[in-house]
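Student: So for the sequence shown, the working numbering puts the first residue at 2; every next one is plus one.
Using N, Cα and C, we set each Cβ at its ideal position, and we do this for glycine too.
I have a structure I would like to understand better, so I am pasting it below and will then ask my questions one at a time.
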Amino acid sequence: MGQGRPFAAGGARMTALAVAGAGLIGKRHLEAMRLAGIAVHSVVDPAPQAAAVAEAFGVPQFTELGAALAAKPDGVVLATPNTAHAEGALACIDSRVPVLIEKPITTDLDQAIRIVEAAEAAGVPVLTGHHRRHLPVVRAAHERIRSGALGTIVAAHAMFWLAKPDSYFETGWRRSAGAGPTFLNLIHDIDLLRHLLGEVATVRAVETNRIRRNPVEDACAALVTFESGVVCTIQISDAIVAPWSFELTCHDNPAYPPTDQNAMWIGGTLASLALPRGEEWSDGGKRDWWQPIRRTTLLRGGADPLVAQMRNFAGVIAGREEPLCSGREGARSLAALVAIKTAAQTGETVVPRS
């Protein structure tokens, strides 16, 4: 049942990836593969509508992952619901097939550690789909911070405020444990903060579900300290009509109406950054509030980060590149996120598991 492998110009065989999950994010990964020049091996999803997705790309539809793995794809993009990530990832590792796991790597930290350890023992590449690390503005921000251009980083703030419609929650798993804006959305922000500022040291947090009364939260606030000494505040809610979230400010997903705002701020002793607009504010090193402060703009635009992520995955499979976000990195971001959830539920200061 699999398809013949296509060849690129010059006769080199193209990487062919199976996509497990034909929902919204699975379809975006399929389109990113097309734009990246990466062949689609198959679509894996038992839902009836998945047949049309597979047909649109001219590839087989498999109803379960084991059958797709038996057809020997070069890699698998795992875009299934969060709670199914561990089972799918371990199946790929057992079959010695590299896997890109959509964020979060799992909703259970023990499962995430099991994935990472199994992959490292088997020598199978595992990537986590924190695609915003691939944004040109994030790469530029990472370089500015590492170069010392901002001086010593003192503090940061991240916001995710937007309103998800009631229809969004008609899908049952979005109201259940493992969903909610902390797992589904804050995971992006906490991963970017780790990527830019280093490892999390301690967390305090509160959460509430008082708007929708679903089993999952609709608002959360956290105070995070990093090992470097940076202090960071985070606010997240999917019940507020507002423009301040990476989803609406980043312009990397055409499904969201764009705004001209920022959603993350990083402040240093020489300059500050506002993301994702890439605004750097400085007074020329004077460090004097009476002096004029000016704005410069970091590199923005460039390739869709999902396309860049897919090219990185293909490069890892071919042995040409290292993962920009490995499975272990995904597990560390999950550990920080779980610490936030635990702190909110217990009222205690929590140290993420290493």
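(1) Does the distance from the C-beta atom of tryptophan 266 to that of histidine 135 stay below 9 Å?
(2) Can you give the beta carbon distance from valine 20 to valine 78, rounded, assuming they're within the 8 Å contact cut?
(3) May I ask you to verify whether the segment 218 to 228 touches the segment 276 to 288, counting CB pairs closer than 8 Å and requiring at least 3?
(4) Give every residue of the same chain whose Cβ lies closer than 6 Å to the Cβ of glutamine 236, excluding the five residues on either side of it in the sequence, and list them in chain order.
(5) In this structure, how does DSSP classify glycine 11 when only helix, strand and coil are distinguished?
(6) For glycine 89 and leucine 66, what's the separation of their Cα atoms in angstroms?
(7) What are the start and end residues of the beta strand (DSSP E) that includes glycine 130?
(8) Going by DSSP, what residues sit across from phenylalanine 227 in a beta bridge?
(9) Taking the C-alpha atoms as reference points, what is the distance between serine 177 and leucine 91?
(10) Quick one: Cα of lysine 165 to Cα of cysteine 251, how far?
(11) Roughly how many angstroms separate the alpha carbons of alanine 141 and arginine 147, rounded to a whole number?
(12) Evaluate arginine 97 with the Cβ neighbour count: other Cβ atoms within 10 Å of its Cβ, from every protein chain shown; 16 or more gives buried, anything less gives exposed.
(13) For arginine 333, which of Arg29, Pro105, Thr270 has the nearest alpha-carbon?
(14) Compare the C-alpha of threonine 172 against each of Asn215, Leu163, Gly130 and name the closest.
(15) Candidates Val339, Gln310, Arg329: which alpha carbon is nearest glutamate 32's?
(16) Just to check, is the beta-carbon of asparagine 83 closer than 8 Å to a non-hydrogen atom of the ligand SAM?
(17) If you scan the segment 224 to 277 from start to end, which runs of the beta strand (DSSP E) of 3 or more residues do you find wholly inside it?
(18) Under the rule that 16 or more other beta-carbon atoms within 10 Å means buried, what is glycine 269, buried or exposed?
Tutor: Short version:
(1) One thing to note: tryptophan 266 has its Cβ no nearer than 9 Å to the Cβ of histidine 135.
(2) Distance from valine 20 to valine 78 at the Cβ level is roughly 5 Å; contact confirmed, criterion being Cβ atoms closer than 8 Å.
(3) As far as the Cβ criterion goes, the segment 218 to 228 does not touch the segment 276 to 288, which means the pair count is below three.
(4) Sequence-distant Cβ neighbours of glutamine 236 in its own chain, meaning closer than 6 Å and more than five residues away, are Met160, Ala222.
(5) Annotation note: pLDDT 47 at glycine 11 (below 50); position unreliable, coordinate value reported separately. Look at glycine 11 here: in three-state DSSP terms it is coil, with no helix or strand label.
(6) Taking the Cα positions, glycine 89 is about 7 Å away from leucine 66.
(7) First-last of the beta strand (DSSP E) with glycine 130: 127 to 130.
(8) For phenylalanine 227, the pairing in a beta bridge is given by DSSP as Val201.
(9) The alpha-carbon atoms of serine 177 and leucine 91 are separated by roughly 23 Å.
(10) Cα to Cα, lysine 165 sits roughly 17 Å from cysteine 251.
(11) Approximately 10 Å between the Cα atoms of the pair.
(12) Classified as exposed, arginine 97 has fewer than 16 neighbouring CB atoms from the shown chains inside 10 Å of its CB.
(13) With distances taken between Cα atoms, arginine 333 lies closest to Pro105.
(14) If we check each option's Cα against that of threonine 172, Asn215 comes out closest.
(15) Closest option to glutamate 32, judged by alpha-carbon separation, among Val339, Gln310, Arg329: Gln310.
(16) The model on display carries no ligand, and the ligand SAM is accordingly not part of it.
(17) For the segment 224 to 277, whole beta strand (DSSP E) runs of length 3 or above, ordered along the chain, are 232 to 238, 265 to 269, 272 to 276.
(18) A residue is called buried when at least 16 other Cβ atoms come within 10 angstroms of its Cβ; glycine 269 meets this threshold and is buried.
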